[in-house]
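Undergrad: Got a structure here, written out as structure tokens. Questions coming.
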Amino acid sequence: MSTVPKIMRQGQIAPWLYLAPAVLIMLFYIVYPTAYTTYLSLRDKDSENWATESCIEGNPCWGILENYRYALTSELDTTNFQTIWRSFWISSFGNNIKWILLMVTGSVGIGLLMAVLADRVRYEALAKSIIFLPMAISFVGAGVIWKFVYDYGTGNVQIGFLNAIIRSLNGEPIAFLQTLPINTLALIAVGIWMWAGFCMVILSAALKGVPNELLEAARIDGASEWRVFWRITIPMILPTITVVVTTMVINTLKVFDIVFVMTGGNFSTDVIANRMYTEQYINQQTGRGTAVAVVLILAVIPFIYLNIKRFREQEDIR
Amino acid sequence: MNTEKLRNFLGSVPLHIVIIGFCVIWLIPALGLMVTSFRPVQDANETGWWTAFSEKPGAAEYTQYCGKCHGEDGSEIAEADLGDTEYIESFRRSLQIAATFNREYNGEIHLAEDDRPDDQQLADILAHLRRQTGLDERPQFTITNYEDAIVGYRGTTNYEADCEAGTQSVDLTCDFAQDLTNPRGMALAFRNSLFVAIPATILPLILAAFAAYAFSWMDFKGRIWFFAILVGLQVVPLQMTLVPISRIYFQLGIGGTFLGVWLFHTGFGLPYAIYLIRNFMGSLPRELFESAYLDGASHWTAFLRLALPLSMPALASLAIFQFLWVWNDLLVALIFLTGRNPVMTYQINNLVQSLGGGWHLLTASAFLSMLLPLIVFFAFQRYFVRGLLAGSVKG
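Going line by line, the protein sequences match chains G and X.
Be aware that the first sequence starts at 34, since it is given in my numbering, and climbs by one per residue.
Be aware that the second sequence starts at 1166, since it is given in my numbering, and climbs by one per residue.
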């Protein structure tokens, strides 16, 4: 962090006058609730007793971590190893993993592709604006847009764009949002549609930062465009790619609205953030709902750590 | 020279195809929404939006499948006069006609299996007949969907028609100005969204500017550590805080009020806001501040006269971010505002969950909710992008 000029040094109280309003609000709205939620996750459904009390004789029980047992295992079919494996991949956790794998690669991949390609055409600004556009609208709006694209009509009348295409190719229309496993993929596509622009903008800025002389030199040496890209461009923008990927993983972990609006987590499309909502506000199970939330923050913590680490490194460079 | 130009051009064709291809894929879904929002109810829910610009289907199919017996205008067979308005009106759905195909007239089956149109074609034929007999004379495009969305009309025709006929539902007065305040309408939701978003943008901006100044130009113990914590706080999921805050709000009696939502958004917007502004303020030239101090300026004047005005670009970026973030939020509105003060995202979500097939209303409402963000986005794209680049952390 930049050092403050000597003559500007002030007493120890003044800074806190500037900081106090923000710090108090953050303490109240982020820090304290986080701690309290963790506590509630150890209590039963009405937060009246410890979670241990809600154990039922003869059933598996994790004592005070009972809500976590529920959060982590209730979606699994524990008959045998195979059923566990299979049910895991359609549980909220399995789905979140699918989301992370596909949405992060999808949006970063398309973002990078568009950043690289659009750089070479005259209508760059327009093309980028179009890809970037979905960032401005809400997930709810995007949900409506895509629900319409995926619409599945009964009978032969298809007003959903995709099914109309399928039908014009003489295919069998698909209930995209109800059919496993395509429904989760359909939702992830919406996520990619929303976020690719974000990745593109950041990667594009990084690309423009790669010195032209470096690329020219390699080209003069006879390296192909492809080689130049993999050997020079990619290594140069790797730090930015890392940032984009971590950011996207965090965003993906928190995905809620798309699932909530489009399927409500039904048809095995649930994700962690939506499950928290369901347990808390539909099933009225405070203990379980908060336990799911804690699982979510546990998943995010490594990235909190990464962010702080990166921040420290940046500050050292300054 | 010329051949080289040609070769260059040909070489770049795949490039253009990929770029334009992606752009088209990105635009088509949104285009579908927009077009549908301007189509009459029946069309929007029964035919694909891409047919909106083409000749209405049905006429050709009619000639092909029915014309040779029923005649071009439908009135060839007197017992089944397809050119008669009242007669056609008795067939509400194309299935009713399909059901007659198996009947026998004069010992002959009406339409043999092989001569039948499929469901879509039959629907088109019926639509054609309804148009021909003057039953459905409706324009290609209309703005009634928007009227309906704005006043919260949920009937089967449209607001104007119902009001003319006096068959409107009890929550509508048919006095347009008064119906704008219908709690189901998007007009009220729009007002509520604005009422949420503006203070929830300004408040964190001001608080963050103060804090960012302290982090940039003041010296205190643990400065770096506090800031590192701030970086961490940016990614705490909202879900972590919902329950405790709802409880407190309930006890304080501010559940469902605007105040509660303003403060909540402020709390959650602050870590990123401070981070972003600090990055900008902290990189302002040192000499500027030093010389101001040599001239006897205090921190307060330096903040007000130097740091704030010079950080305007960062503040603008942030304002846009926070505004879009709040405007587009559903979860916080769902839990802390509820139906007491419905905002646009809340209303649309309600429509999605309850209305099933009413695409005309849904698309119009969704488009209304996107209008302001899109304007903001296009007008201030530069700041938006700059903000993204300055602190690509928050989601």
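Glycine included, every Cβ here is placed at the ideal spot set by N, Cα and C.
Computed from a predicted model, the values in this text were never measured in an experiment.
#1: Starting from Cys1188 (chain X), trace the alpha helix (DSSP H) both ways and give me its first and last residue.
#2: Less than 8 Å between CB atoms is the rule here; does Cys1339 (chain X) satisfy it with respect to chain G?
#3: Here's the rule I'm using: 16 or more other beta-carbon atoms within 10 Å means buried, otherwise exposed. How should Gly176 (chain G) be labelled?
#4: Sorted by chain position, which residues of the same chain lie with C-beta nearer than 8 Å to Lys78 (chain G)'s C-beta, five sequence neighbours on each side aside?
#5: Please give the ranges of any alpha helix (DSSP H) in the region 136-160 of chain G, keeping only runs that are unbroken, at least 4 residues long and fully inside the region.
#6: Using C-beta distances below 6 Å, list every residue in its chain close to Tyr1311 (chain X), excluding the 5 sequence neighbours before and after it, in chain order.
#7: Ends of the alpha helix (DSSP H) at Phe1549 (chain X)?
#8: Assign Thr266 (chain G) to one of two classes, buried (16 or more other C-beta atoms within 10 Å of its C-beta) or exposed (fewer than that).
#9: Would Ser107 (chain G) count as contacting chain X if we go by Cβ distances under 8 Å?
#10: Based on DSSP bridge pairs, tell me the residues matched to Trp83 (chain G).
#11: Taking the straight line between their C-alpha atoms, what separation do you get for Tyr1318 (chain X) and Asn1347 (chain X)?
#12: Report the rounded CA-to-CA distance for Trp118 (chain G) versus Ile221 (chain G), giving the unit in angstroms.
#13: Could you tell me the distance, in whole angstroms, from the CA atom of Pro206 (chain G) to the CA atom of Asn216 (chain G)?
#14: Run through DSSP, which three-state label would Tyr1318 (chain X) get?
#15: Determine the burial state of Thr1431 (chain X): buried for a count of at least 16 other Cβ atoms within 10 Å of its Cβ, exposed for fewer.
#16: Hey, is Gln1285 (chain X)'s beta-carbon within less than 8 Å of any beta-carbon in chain G?
#17: Out of G:Leu329, G:Gln347 and G:Phe344, state which residue places its alpha-carbon closest to the alpha-carbon of Leu105 (chain G).
#18: Quick one: what's got a C-beta closer than 7 Å to Lys1559 (chain X)'s C-beta in the same chain, skipping five residues either side?
#19: Shortest alpha-carbon distance to Pro1194 (chain X) belongs to which of X:Arg1388, X:Phe1532 and X:Ala1352?
#20: Can you pull the DSSP bridge partners for Glu1273 (chain X)?
#21: With DSSP as the reference, label Tyr338 (chain G) as helix, strand or coil.
#22: Pick helix, strand or coil for Lys241 (chain G), following the three-state DSSP scheme.
#23: Given 8 Å as the limit, is there contact between the region 1170-1179 of chain X and the region 1455-1465 of chain X, that is, 3 or more CB pairs closer than that?
#24: For the putative contact between Val278 (chain G) and Val141 (chain G), defined by C-beta atoms under 8 Å, what is the C-beta separation to the nearest angstrom?
#25: Report the option in X:Ser1448, X:Ala1292, X:Thr1228 and X:Arg1172 whose CA atom is closest to the CA atom of Leu1471 (chain X).
#26: What residues of chain G sit near Thr1528 (chain X), judged by a beta carbon separation below 8 Å?
#27: Taking CB distances under 8 Å as the criterion, tell me whether Gly1248 (chain X) reaches chain G.
#28: Could you check where the alpha helix (DSSP H) with Trp1490 (chain X) kicks off and where it finishes?
#29: Check whether the Cβ of Glu205 (chain G) lies closer than 7 Å to any heavy atom of the ligand GDP, and answer yes or no.
#30: Assign Ser257 (chain G) to buried or exposed, taking buried as 16 or more other Cβ atoms, counted over all protein chains shown, within 10 Å of its Cβ.
#31: Alpha carbon to alpha carbon, how far is Lys241 (chain G) from Trp259 (chain G)?
TA: Answer, in terms of the structure:
#1: Asn1167 to Ser1202
#2: Not closer than 8 Å to any Cβ of chain G, the Cβ of Cys1339 (chain X) fails to qualify, so no.
#3: The residue is buried, with at least 16 neighbouring Cβ atoms inside 10 Å.
#4: The residues are Ser87, Gln317, Gln318, Thr319, Gly320 and Arg321.
#5: Taking 4 residues as the minimum length, the alpha helix (DSSP H) runs contained wholly in the region 136-160 of chain G are 138-151, in order along the chain.
#6: Ala1529
#7: Gln1546 to Ala1555
#8: buried
#9: Not an interface residue.
#10: Answer is G:Arg76.
#11: 9 Å
#12: Cα to Cα, Trp118 (chain G) sits roughly 22 Å from Ile221 (chain G).
#13: 14 Å
#14: coil
#15: buried
#16: yes
#17: Among G:Leu329, G:Gln347 and G:Phe344, the Cα nearest to that of Leu105 (chain G) belongs to G:Leu329.
#18: The pLDDT assigned to Lys1559 (chain X) is 38, lower than 50, so where the model puts this residue is not dependable; a value taken from the coordinates is nonetheless given after this. Here the set comprises Gln1399 and Tyr1437.
#19: If we check each option's Cα against that of Pro1194 (chain X), X:Phe1532 comes out closest.
#20: In DSSP, Glu1273 (chain X) forms a bridge with X:Tyr1270.
#21: DSSP places Tyr338 (chain G) in helix when its eight states are reduced to three.
#22: helix
#23: Taking a contact to require three or more Cβ pairs closer than 8 Å, the region 1170-1179 of chain X and the region 1455-1465 of chain X do not qualify as touching.
#24: 6 Å
#25: The shortest C-alpha separation from Leu1471 (chain X) is found at X:Ser1448.
#26: Val177 and Phe181
#27: Chain G has no Cβ within less than 8 Å of the Cβ of Gly1248 (chain X).
#28: Met1477 to Asn1493
#29: The ligand content of the structure shown is nil, which means the ligand GDP is not present either.
#30: exposed
#31: 17 Å
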